[in-house]
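Colleague:
Numbering (this note's numbering), first residue to last: 5 to 120.
#1: Once the 5 residues before and after residue 34 are set aside, which same chain residues still bring their CB inside 6 Å of it?
#2: Counting only the same chain and skipping the five closest in sequence on each side, list residues whose C-beta sits under 7 Å from that of residue 94.
#3: I need the DSSP call for residue 56, collapsed to helix, strand or coil.
#4: Are the beta-carbon atoms of residue 52 and residue 66 separated by less than 8 Å?
#5: Got a sec? Which residues, its chain only, sit under 7 Å from residue 76 by beta carbon, not counting five neighbours each side?
#6: Hey, residue 88 and residue 28: beta-carbon distance below 8 Å or not?
#7: Can you tell me whether residue 106 is buried or exposed, with buried defined as 16 or more other CB within 10 angstroms of its CB?
#8: Provide the residue span of the beta strand (DSSP E) that contains residue 118, from first to last.
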């Protein structure tokens, strides 16, 4: 599975950005697509993900501000980020995994910078 992410950039606090990610390759069965982020000096953390069946989960600090969506036919996932905060600054990574496996697939990472 290959992942190609796009979006990101520089935005002022309170602004919005949209990230997109397209998966290609052999994709079948129950799976998850989502977004992780890694801020400088911190570990990579889950932001949100969405299962092939539609269930979603969000990191508490982004609930109500971020929305993940998925197009199953196109194998794409998007992340709409609103009311961005300084602490949202990080490199965001698209993620894909089959639920029957522990292997993770990663996109190239896209930088989101929120300025004051």
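Backbone N, C-alpha and C define an ideal beta-carbon position, used for all residues, glycine too.
Modeller: Well, looking at it:
#1: Locating residue 34 in the chain shown gives position 30, where the first residue counts as 1. Taken in chain order, the residues that qualify are 56, 103.
#2: Walking along the chain shown from the start, residue 94 turns up at place 90. Result list for residue 94: 41, 42, 43, 116, in chain order.
#3: For the purposes of this step, residue 56 is identified with residue 52 of the chain shown, where counting begins at 1. In the three-state reduction of the DSSP assignment, residue 56 falls in the coil class.
#4: Translated into the one-based positions of the chain shown, residue 52 becomes position 48. Translated into the one-based positions of the chain shown, residue 66 becomes position 62. By the CB criterion at 8 Å, residue 52 and residue 66 fall inside the cutoff.
#5: Within the chain shown, residue 76 is the residue found at index 72, counting from 1. The beta carbon of residue 76 sits closer than 7 Å to those of 56, all from its chain and outside the five residues before and after it, given in chain order.
#6: Residue 88 sits at position 84 when you count from the first residue of the chain shown. Residue 28 sits at position 24 when you count from the first residue of the chain shown. A distance of 8 Å or more separates the beta carbons of residue 88 and residue 28.
#7: As a first step, residue 106 must be located in the chain shown, where it is residue number 102. Residue 106 is classed as exposed because its beta carbon has fewer than 16 other beta carbons within 10 Å across all chains shown.
#8: Sequence index remark: in the chain shown, residue 118 carries index 114 (1-based). Per DSSP, residue 118 belongs to the beta strand (DSSP E) from 114-119.
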